[in-house]
Structure formats: C-alpha cells, structure tokens
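Worksheet: one structure, shown below.
Residue numbers (my numbering): 10 to 190.
Set out below in structure tokens:
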C-alpha cells in the first residue's frame, strides 16, 4: 500500500466494508449451524477489518490537508491487530453509541473496550488454535459458548451499521451513488 490517491483510498474503504459485511454474514451462517468457534472467529475478523476504515480516513484527511503520508507507518498500522481493534472501538464509540452526557456510559464503554483488547485477541486465538494448558488440550470447538458467539456476531452487525452510517456521510463515492437513485 503506497501512494494511493484520495479516490483510490475511498474505493479501498468500500472494499474493506464489503469484505467485513461478508465476514459478518458468514459468521451468522456458522452461528446458525452451531459452529460457534468459527463463527466467533469470522465475527472477530469483521470487527478487525472494519478497524481499517478509520485508519484510511485518517490518511485521506492528511492528504486533503496537504500533509505527507508516511506510507510505511500507515501500512504497519493497517496490519497491526491492536491498532485495528482500538480504531474500531473508537469508531463505534463515535457512530454506534448514543451520547450519554449524564452518566458517561458511552465513555465508560470505550474505556472498557480498549482495556479488554488483549483478552479479546486471546479469545480469538482460543477460537482458532488448539492449545495445551496444565496438561489439558484446549480445542477451539470447546472454547466459545453459543452466547459469546451470538454476542460477538450481533456486535459485528452493529459495527457494520455504524460504518454504513458514517460511510454514507463521508465517502464521496457513496454520496454520488446515493444521489443517482
């Protein structure tokens, strides 16, 4: 990923969203067929994929402001699991949660979500790989409950909805398409 134009970056946003949407749909299919660990994994990938979009939006803003893009740094952030998850958390905080001026439950959600990034990543690994702990084998199919899976698949859908909202507001390619219909 180097020297992409603003138009190419906007197109990349759409491609990322489309892939994330497919990951969520496939996660839902797996959930419906009680394949909880794999459904959890795809929902996690959806969440991580969506985290790339705000990273790209940041690059677009820099280009529009006439600033230089450090493409190597951008690429590193684009592939960093933790950066993508925290990016997605912040996006959901901005576009998916109701503002709570009285109790700050939205801010508390963001703090909690960012604190739990490590355990979220660990849970994804448990859903993916066989492990051994205390002489016991940990099989992915036994690590994710139906409720955990359903919660993440549903949350992935909420994140998609928040991105759909922000993309229709900020992506000129989608704005042009919306105005044609």
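In this text, a Cβ means the ideal position worked out from N, Cα and C, and glycines have one as well.
Going along the chain, which residues of its own chain have a beta-carbon closer than 6 Å to the beta-carbon of residue 161, five neighbours each way excluded? Reading the chain shown from its first residue, position 152 is the one you call residue 161. Contacts found: 49, 52.
Backbone secondary structure at residue 119 - three-state DSSP: The residue labelled residue 119 in the question sits at position 110 within the chain shown. Of the three classes helix, strand and coil, the one that applies to residue 119 here is helix, per DSSP.
For residue 73, does the count of other Cβ atoms within 10 angstroms reach 16, so buried, or fall short, so exposed? Taking the chain shown and counting its residues from 1, the one referred to as residue 73 is at position 64. Residue 73 should be labelled exposed.
Mind checking whether residue 130 and residue 90 have CB atoms under 8 Å apart? Indexing the chain shown from 1 puts residue 130 at position 121. Indexing the chain shown from 1 puts residue 90 at position 81. Here residue 130 is near residue 90, since their CB atoms are less than 8 Å apart.
Residue from 12, 143, 177, 174 whose Cα sits closest to the Cα of residue 71: If you number the chain shown from 1, residue 71 lands on position 62. When each option's Cα is compared against that of residue 71, the closest is 12.
So does residue 54 have its beta carbon nearer than 7 Å to some heavy atom of the ligand FMN? This structure simply doesn't include the ligand FMN, nor any ligand for that matter.
Does the Cβ of residue 82 have 16 or more other Cβ atoms within 10 Å, making it buried, or fewer, making it exposed? Indexing the chain shown from 1 puts residue 82 at position 73. Classification of residue 82: exposed, given that the 10 Å Cβ count is below 16.
Looking only at C-alpha atoms, which of 84, 85, 24 sits nearest to residue 59? Reading the chain shown from its first residue, position 50 is the one you call residue 59. Minimum Cα distance to residue 59 is reached at 24.
To the nearest angstrom, report how far apart residue 44 and residue 15 are at their CA atoms. Position 35 of the chain shown, counted from the start, is the residue given in the question as residue 44. Position 6 of the chain shown, counted from the start, is the residue given in the question as residue 15. In a straight line, the C-alpha of residue 44 is about 40 Å away from that of residue 15.
Beta-carbon separation of residue 135 and residue 118 under 8 Å? Against the chain shown, residue 135 aligns to sequence position 126. Against the chain shown, residue 118 aligns to sequence position 109. No, they are not a contact pair.
With distances taken from CA atoms, which of 20, 38, 141 is nearest residue 166? To locate residue 166, count along the chain shown from 1; it is residue 157. Here the closest residue by C-alpha is 38.
Judging by CA-CA distance, which residue of 88, 18, 42 is the nearest neighbour of residue 159? Position 150 of the chain shown, counted from the start, is the residue given in the question as residue 159. Answer by Cα proximity: 42.
In three-state terms, what does DSSP make of residue 176? Locating residue 176 in the chain shown gives position 167, counting from the first residue. Residue 176: helix per DSSP, three-state reduction.
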